[in-house]
Amino acid sequence: MSRRRKVGEASQRIYGDFADGIRFRNAEMRRQLLGIRWRLDGSCVKHDVALWFTERTKPNGRVLAMCRECPVRRLCLASSIAYAEEFGVWGGYTPPKREGMIHTARQGIPVDLIVESVLDVEAERRATAS
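In terms of the working numbering, the sequence shown is numbered consecutively and its last residue is 118.
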C-alpha cells in the first residue's frame, strides 16, 4: 500500500510510491523499479528530456522509434504503470494510451503481465503489417 499525505480533505499519494493496487509476478522487476539505475541504460539518457514531455498530442516519430529499440523499454513502461505516470512518453506510450494499463494494474493485474501483453500485441501488429 502506498503512503499518503493529507491535503485538506483529500489524501494524496506520495510521489515515489507505487500506485494503489500495484502487483508484480516478477519480484526482480519490482526490485529494479524501486531503484533508478535501470534508467541509465535508456536510449533517452543522451537526449533532451523535453522530447518525451511535449505538450503535443502526438510525440515525434524519432522519440517513438528510440523507445521501440530501447534496451530498458519493458522496465520503462512498467515504471510508468506502477507509478501511474500522468505525463510524458514512457516505453513508447503516451498518457492516453497508458490510462487503460494503469486502470488494469490498479485492479490487481500484475504490471509485468500487462507489459508483456501490450508489447506482444504491438510486436504481432508490426509483424503482420510488414
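Glycine included, each C-beta is placed from N, C-alpha and C at the ideal position.
Because the structure is a prediction, the values reported are computed rather than measured.
On a Cα-Cα basis, can you pick out the residue from 64, 71, 48, 50 that is closest to residue 26?
Per the Cα distances, 64.
Is it right to say residue 112 is buried, meaning 16 or more other beta carbons lie within 10 angstroms of its own, or is it exposed?
Exposed, by the Cβ-count rule.
Among 60, 22, 97, 15, which has the Cα closest to the Cα of residue 183?
Beyond the ends of the chain as shown, which are -11 and 118, falls residue 183; an answer cannot be given.
Whole alpha helix (DSSP H) runs in the region 53 to 81 with 4 or more residues, listed along the chain?
Unbroken alpha helix (DSSP H) runs of no fewer than 4 residues, entirely contained in the region 53 to 81, are found at 61 to 70, following chain order.
May I ask you to report which of helix, strand or coil DSSP gives residue 9?
In the displayed model, residue 9 falls within coil according to three-state DSSP, outside both helix and strand.
At the level of alpha carbons, what is the spacing between residue 4 and residue 46?
Those two C-alpha atoms are separated by around 27 Å.
In angstroms with no decimal places, state the Cα-to-Cα distance between residue 18 and residue 102.
Approximately 14 Å between the Cα atoms of the pair.
Going by C-alpha distance, which of 15, 77, 20, 10 is nearest residue 31?
The shortest C-alpha separation from residue 31 is found at 77.
Closer than 8 Å is the cut-off here; do at least three beta carbon pairs connect the region 52 to 60 with the region 8 to 16?
No: the two stretches stay apart, fewer than three of their Cβ pairs being nearer than 8 Å.
In terms of residues, what are the limits of the alpha helix (DSSP H) holding residue 29?
Boundaries for residue 29: no alpha helix (DSSP H) harbours it, and the DSSP string shows neither H nor E there.
Would you report the Cα separation of residue -2 and residue 118, rounded to the nearest angstrom?
Any answer about residue -2 is weak, because its pLDDT of 47 lies below 50 and its placement is not dependable; what the coordinates show is given next. Straight-line spacing of the CA atoms in residue -2 and residue 118 works out to 50 Å.
Using C-beta distances below 7 Å, list every residue in its chain close to residue 83, excluding the 5 sequence neighbours before and after it, in chain order.
If we look at residue 83 and ignore the five residues flanking it on each side, its Cβ neighbours are 74, 75.
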